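Asker: Have a look at this one.
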Amino acid sequence: MQRFHDLLSEGVRRFLADKGVTDVRPIIQYTRPDFEGDLTVVVFPLAKALRQRPDAVGAVLGEWLVQTVPAVERYEVVKGFVNISFSAEAWRRFLLEALPAAGFFPRAERAERIVIEYSSPNTNKPQHLGHIRNNLLGWSVAAILQRYGHEVYKVNLINDRGIHIAQSMVAWMQFGGGATPESTGKKGDHFVGDYYVRFAKAHKQQQAEGGSEETPIMQAARAVLRRWEAGDLHIRPVWLKMNSWVLDGFAETYGRMGVDFDKTYFESETYLVGKQHVMEGLRQGLFHRKEDGSIWADLTAEGLDQKLLLRSDGTTVYITQDIGTAALRYFDFQMDRSIYVVGDEQQYHFKVLKALLQKMGAPYADAVHHLSYGMVDLPTGKMKSREGTVVDADELMDEMVAQARRLSEELGKVDALSAEERERLYHIIGMGALKYHILRNDPQRRILFDPAESIDFFGVTGPFIQYAHARIHSILRKASGAARPETAAGYAPDGAEVALIRQLYRLYDVFANAVENLSPAPLAQYAYQLAHQFNAYYHDHPVLKAESEPVLHFRLLLLERVAEALRESMGLLGIEMPERM
RNA sequence: GGUCCCGUAGCUCAGCCGGAUAGAGCAUCGGCCUUCUAAGCCGACGGCCGCAGGUUCGAAUCCUGCCGGGACCGCCA
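Under the working numbering, think of the first position of the first sequence as 699, with each following residue one higher.
The following block contains the structure:
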């Protein structure tokens, strides 16, 4: 079934062609709610081309559309706008025939291979709220692109080497006394993170005592790093062991969060590849070496600065590793597009990375796309792990689930469920609240998170939408059997019902917007609007006690589709939809 | 010095690839549970869309300048 937009657009084109105008693109938009109509044709551009008054053109155009487009029932001209109403029958048919199969989502004309990197944690500390935003955003954008028909690969790049890793190692070796996550009952990433904080404290204290930046413990950390790079047989096992503790912890966190990866890269395996590429670039004369032995790229011609690629001692820097990772990734996936979900503080870094890859003539250079998002701020400012001013990811998830439990028990609606089912439900609701809160806003905006004000469960929230879904399922459960569309054949939907179908129809555009902007936010906004509209409908349209069989079955079908649209849009945010709550 | 992001109701945000009288939630005030789940519904209050120019039939939306907030330009990652 053709989309209403296309029907109108073609009608307007034919109207114009009839008058010898072919170079004007019809502007079709949704009619504002306070006017009667479904879609609106903006006639100003047409009036200009035809050199007539807008309202005059509008009237003729409206008449033309009613005559030539069967689904168009009425029109109304308001100033320079022609508001078109499609027949209730056309909308009913759309509900029956087009939804859900082709109606909800557009598909990519050409499937791309897309690699999306997100999360990219360091193995020296547990994840915090900032990681939550990254993880949820990355996972969701991947889901959206995949739904669009692209071939999407989710990858994680674990930062498992470097001075900060050496720091937790030193602290553990000096202060740990052989303790392990098992012996202390601590989750591995938190266990290691404690030593990272321990290091920072000891360093600070030694600084105060010694009166200098340089401290014994910092020297020890650098020594560990050097020994690690040399493959020292005493250091490597410690490194392996501590990393595995952290990775076990991460696996648990990812599992709860519901995010996953198709492949995991480790920086320890990619940094040398980057170094090789830099050396190769040096041979080709793309880069230059300074007297001290350090290697640089001159990007001033590209409007950027001089960029260090290898330190004077031959060790790699951040950008070197990313060069290596990009190469490996292309080897693995031959992607058309490579999306990096990384905070906006690194915009410059990715500009440089892209420019470098282009300079090196890498076939994957142009594919680099930095999906930059805003940081999560606390009322006290930016989160810093070292200073302990973070909202811990695991604790926050615990808190959200606990709050869902508290509220549910208070309301007492799910007492009939088994203890196991209830816990599962609390998880779904708590995570729903968290995910929605994080994903509902434009990714590039900063989010202010106030731990004192907990994330809400009322209003524009995940649970609000989940609740609407549960209400629908409550009705569907009580109805004996599924909706029988054929029984509904004779029914003409009323205004509220047409409005609801129109909202379902709109998901197509909302989704297209999400794809184009690599943003889950439009879907989140949409799901709320649909849920809200359903709630209002629910308020004054009885379903199970509908006045006749056709009405009953029409409404059942409508609600099935609403529930499905809610599930689809929220599913792309990684939010599960309970059937009761 | 340069680059990027943000500025819309008391607060948190939609709308921004130009269209009609700028929308939600929270907060405040008021109404609705003997009828399919009140995590709900309905209403009231609340706006120089940061400021000034420009483009246009039409600007919150595009352009320029300014003001305010933030980020980045490291032999940290």
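All C-beta atoms in this analysis are idealised placements derived from N, C-alpha and C, irrespective of residue type, glycine included.
Being a predicted model, the structure only gives us computed values, none of them experimental.
Is the Cβ-Cβ distance between Ala928 and Ala900 less than 9 Å?
Answerer: Cβ distance not < 9 Å, so Ala928 and Ala900 don't count as in contact.
Asker: Excluding sequence positions up to five away, which residues of its chain have a Cβ less than 6 Å from the Cβ of Phe1209?
Answerer: Excluding sequence neighbours, Phe1209 sits near Phe803.
Asker: Can you tell me the Cα-Cα spacing of Asp753 and Glu787, whole angstroms?
Answerer: In a straight line, the C-alpha of Asp753 is about 28 Å away from that of Glu787.
Asker: Check whether the region 1252-1271 and the region 1105-1123 touch, using three or more Cβ-Cβ pairs below 8 Å as the test.
Answerer: As far as the Cβ criterion goes, the region 1252-1271 does not touch the region 1105-1123, which means the pair count is below three.
Asker: What runs of the beta strand (DSSP E), each 3 residues or longer, lie entirely inside the region 801-855?
Answerer: The qualifying runs are 811-815.
Asker: Could you tell me if Lys852 is buried or exposed, where buried requires 16 or more neighbouring beta carbons within 10 angstroms of its beta carbon?
Answerer: Burial call: buried.
Asker: Just list the residues that DSSP pairs Thr1014 with in beta bridges.
Answerer: Thr1014 is bridged to Leu1008.
Asker: Going residue by residue through the region 1043-1087, where are the continuous beta strand (DSSP E) segments of at least 3 residues, counting only ones entirely within it?
Answerer: List check, beta strand (DSSP E) in window: 1066-1071 and 1074-1076.
Asker: So, at 7 Å on beta carbons, what are the nonlocal neighbours of Thr1078 in its own chain, with the 5 sequence-adjacent residues on each side left out?
Answerer: Once the five neighbours on either side are set aside, the close Cβ partners of Thr1078 are Thr1087.
Asker: Gln1101: buried (16+ other C-beta within 10 angstroms of its C-beta) or exposed?
Answerer: That one is buried.
Asker: Could you check if Ser1106 is buried or exposed, using at least 16 other CB atoms within 10 Å of its CB as the buried criterion?
Answerer: By the 10 Å Cβ count, Ser1106 comes out buried.
Asker: Residues in the same chain with beta-carbon distance under 8 Å from Val755, minus the five sequence neighbours each way, listed in chain order, please.
Answerer: Val741, Leu744, Ala745 and Leu748, listed in sequence order.
Asker: Between the beta-carbon of Leu827 and the beta-carbon of Ala1091, is there less than 9 Å?
Answerer: Closer than 9 Å, so yes.
Asker: Hey, out of Ala995, Thr968, Val1089 and Tyr969, whose CA is closest to Arg981's CA?
Answerer: Of the candidates Ala995, Thr968, Val1089 and Tyr969, the one whose C-alpha sits nearest the C-alpha of Arg981 is Ala995.
Asker: Taking 9 Å as the threshold (C-beta atoms), are Gly1012 and Gly979 in contact?
Answerer: Contact: no.
Asker: To the nearest angstrom, how far is the alpha carbon of Val890 from that of Thr738?
Answerer: Their Cα atoms are separated by approximately 60 Å.
Asker: Using DSSP bridges, identify the partner residues of Gln727.
Answerer: Note: Gln727 sits in a beta bridge opposite Thr738.
Asker: So, are the CB atoms of Gly886 and Leu945 less than 9 Å apart?
Answerer: Contact: yes.
Asker: Between the beta-carbon of His1135 and the beta-carbon of Ile1153, is there less than 9 Å?
Answerer: For His1135 and Ile1153, yes; Cβs fall inside 9 Å.
Asker: Do the region 855-868 and the region 833-847 meet, that is, are 3 or more Cβ pairs less than 8 Å apart?
Answerer: No, they do not touch.
Asker: Pick from Leu1205, Ala799, Glu911 and Glu1151: whose alpha carbon is nearest that of Leu1094?
Answerer: Selected option, being the one with the closest Cα: Glu1151.
Asker: In angstroms, rounded to a whole number, what distance separates the CA positions of Leu1002 and Tyr1203?
Answerer: Distance between the alpha carbons of Leu1002 and Tyr1203 is about 46 Å.
Asker: Among Tyr1071, Asp930 and Ala1197, which has the Cα closest to the Cα of Arg1138?
Answerer: For the residues Tyr1071, Asp930 and Ala1197, the minimum Cα distance to Arg1138 belongs to Tyr1071.
Asker: Which one or two residues does DSSP pair with Arg1182 in a beta bridge?
Answerer: Beta-bridge pairing links Arg1182 to no other residue.
Asker: Pull up the distance between the alpha-carbon of His1171 and that of Lys1133, whole angstroms please.
Answerer: Each residue's Cα considered, the two are about 22 Å apart.
Asker: Mapping DSSP to helix, strand and coil, what is Thr1159?
Answerer: DSSP places Thr1159 in coil when its eight states are reduced to three.
Asker: Could you check what DSSP says for Phe964 in three-state terms: helix, strand or coil?
Answerer: Correct three-state label for Phe964: strand.
Asker: So, with DSSP's three-state summary, where would you put Val971?
Answerer: The answer is helix: DSSP assigns Val971 an H, G or I state.
Asker: Work out the CA separation of Pro819 and Gly947 for me, nearest whole Å.
Answerer: If I take the Cα positions, the gap works out to 12 Å.
Asker: Heavy atom of the ligand NAP less than 8 Å from the Cβ of Asn781, yes or no?
Answerer: In the structure on display, the ligand NAP does not appear, and there are no ligands present to speak of.
Asker: Express the C-alpha separation of Met699 and Leu1271 in angstroms, rounding to a whole number.
Answerer: Their Cα atoms are separated by approximately 28 Å.
Asker: Identify which residue in Arg1169, Tyr893, Val1040 and Phe1155 has its Cα closest to the Cα of Phe873.
Answerer: It is Tyr893.
Asker: Taking the beta strand (DSSP E) that Gly1041 belongs to, which residues open and close that run?
Answerer: Here the beta strand (DSSP E) through Gly1041 covers Arg1035 to Gly1041.
Asker: Counting pairs of Cβ atoms below 8 Å between the region 923-943 and the region 776-786, do you hit three or more?
Answerer: No: fewer than three Cβ pairs fall under 8 Å.
Asker: Can you find the residues in the same chain that come closer than 7 Å, C-beta to C-beta, to Val976, ignoring five residues on each side of it along the sequence?
Answerer: If we look at Val976 and ignore the five residues flanking it on each side, its Cβ neighbours are Phe985, Ile993, Leu1007, Leu1008, Thr1018 and Ile1021.
Asker: Specify the secondary structure class of Arg1138 as computed by DSSP and reduced to three states.
Answerer: Arg1138: coil per DSSP, three-state reduction.
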